[in-house]
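Worksheet: the structure to be examined is printed underneath.
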Amino acid sequence: MPSNQKVILWSKTGCHHCAQAKSLLDSNNIAYENISVDNNDALRDVLEIKYGIRFVPVVEVGGAGKFEAWTDLDLEHLQTLVGAVNVGQRFKHNV
12 MPSNQKVILW
22 SKTGCHHCAQ
32 AKSLLDSNNI
42 AYENISVDNN
52 DALRDVLEIK
62 YGIRFVPVVE
72 VGGAGKFEAW
82 TDLDLEHLQT
92 LVGAVNVGQR
102 FKHNV
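When we follow this note's numbering, the leftmost residue of the sequence shown carries the number 12, and every step to the right adds one.
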(Lines of atoms letter the chains of each structure in order from A; the text may use other names.)
(Lines give C-alpha, C1' and ligand atoms only; values in the text may rest on other atoms or scores of the structure.)
Protein backbone atom coordinates (compact mmCIF):
# COMPACT_ATOMS: atom_id res chain seq x y z
CA MET A 12 0.00 0.00 0.00
CA PRO A 13 1.50 3.37 -0.90
CA SER A 14 2.77 5.40 2.04
CA ASN A 15 0.16 8.12 1.45
CA GLN A 16 -2.67 5.66 2.15
CA LYS A 17 -3.96 4.62 5.54
CA VAL A 18 -6.61 2.57 7.30
CA ILE A 19 -9.20 4.26 9.52
CA LEU A 20 -11.55 2.33 11.81
CA TRP A 21 -14.67 4.14 13.04
CA SER A 22 -15.91 2.35 16.16
CA LYS A 23 -17.55 2.66 19.57
CA THR A 24 -17.12 1.05 22.96
CA GLY A 25 -19.19 -2.09 23.52
CA CYS A 26 -19.76 -2.76 19.81
CA HIS A 27 -19.27 -6.48 19.08
CA HIS A 28 -18.78 -5.94 15.34
CA CYS A 29 -16.25 -3.17 16.06
CA ALA A 30 -14.29 -5.58 18.26
CA GLN A 31 -14.30 -8.15 15.44
CA ALA A 32 -13.01 -5.57 12.95
CA LYS A 33 -10.26 -4.47 15.38
CA SER A 34 -9.29 -8.09 15.96
CA LEU A 35 -9.04 -8.75 12.23
CA LEU A 36 -6.87 -5.67 11.68
CA ASP A 37 -4.66 -6.48 14.69
CA SER A 38 -4.23 -10.15 13.77
CA ASN A 39 -3.09 -9.09 10.30
CA ASN A 40 -0.70 -6.47 11.73
CA ILE A 41 -2.51 -3.70 9.89
CA ALA A 42 -1.73 -0.17 11.06
CA TYR A 43 -4.88 1.84 11.62
CA GLU A 44 -6.25 4.99 13.18
CA ASN A 45 -9.23 4.37 15.47
CA ILE A 46 -11.91 7.07 15.56
CA SER A 47 -14.31 6.51 18.43
CA VAL A 48 -17.83 7.87 17.92
CA ASP A 49 -18.67 7.38 21.62
CA ASN A 50 -20.91 10.26 22.74
CA ASN A 51 -20.09 12.25 19.59
CA ASP A 52 -23.00 12.86 17.25
CA ALA A 53 -20.85 15.16 15.10
CA LEU A 54 -18.70 12.17 14.10
CA ARG A 55 -21.81 10.14 13.28
CA ASP A 56 -22.91 13.10 11.14
CA VAL A 57 -19.64 12.76 9.21
CA LEU A 58 -20.43 9.09 8.51
CA GLU A 59 -23.93 10.03 7.40
CA ILE A 60 -22.61 12.66 4.99
CA LYS A 61 -19.91 10.36 3.58
CA TYR A 62 -21.77 7.04 3.44
CA GLY A 63 -25.42 7.65 4.31
CA ILE A 64 -25.13 5.67 7.57
CA ARG A 65 -24.74 6.48 11.26
CA PHE A 66 -23.65 3.06 12.51
CA VAL A 67 -20.24 1.52 13.12
CA PRO A 68 -17.94 -0.17 12.42
CA VAL A 69 -16.74 1.51 9.26
CA VAL A 70 -13.28 0.74 7.90
CA GLU A 71 -11.81 3.16 5.37
CA VAL A 72 -8.74 2.39 3.26
CA GLY A 73 -7.16 5.02 1.05
CA GLY A 74 -5.65 8.46 1.04
CA ALA A 75 -5.40 11.74 -0.85
CA GLY A 76 -9.12 12.30 -0.35
CA LYS A 77 -10.14 8.93 -1.87
CA PHE A 78 -11.20 6.10 0.43
CA GLU A 79 -12.80 2.71 -0.09
CA ALA A 80 -15.05 1.98 2.87
CA TRP A 81 -16.32 -1.24 4.41
CA THR A 82 -19.68 -0.41 5.94
CA ASP A 83 -21.43 -3.77 6.19
CA LEU A 84 -21.18 -6.55 8.72
CA ASP A 85 -19.67 -9.02 6.22
CA LEU A 86 -16.22 -9.86 7.58
CA GLU A 87 -15.33 -11.63 4.31
CA HIS A 88 -15.38 -8.28 2.50
CA LEU A 89 -13.22 -6.74 5.22
CA GLN A 90 -10.81 -9.69 4.96
CA THR A 91 -10.49 -9.00 1.22
CA LEU A 92 -9.84 -5.32 1.94
CA VAL A 93 -7.28 -6.23 4.60
CA GLY A 94 -5.60 -8.68 2.24
CA ALA A 95 -4.86 -5.80 -0.13
CA VAL A 96 -3.27 -3.67 2.59
CA ASN A 97 0.48 -3.80 3.17
CA VAL A 98 1.44 -1.49 6.03
CA GLY A 99 4.80 -1.31 7.80
CA GLN A 100 4.78 -0.78 11.56
CA ARG A 101 1.47 -1.07 13.38
CA PHE A 102 0.18 1.92 15.31
CA LYS A 103 -3.06 2.93 16.93
CA HIS A 104 -4.36 6.39 17.60
CA ASN A 105 -7.63 7.17 19.32
CA VAL A 106 -9.35 10.40 18.34
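Heads up, the beta-carbon is just placed ideally off N, CA and C, and yes, glycines get one too.
For HIS28 and ALA75, the gap between their C-alpha atoms comes out near 27 Å. Your pair SER22 and PRO68 checks out as a contact, with CB atoms roughly 5 Å apart and the cut at 8 Å.
C-alpha of SER38 to C-alpha of LEU20: approximately 15 Å in a straight line. When DSSP states are grouped into helix, strand and coil, VAL57 belongs to the helix group.
In this structure, DSSP gives ALA30 a helical state, which the three-state scheme calls helix.
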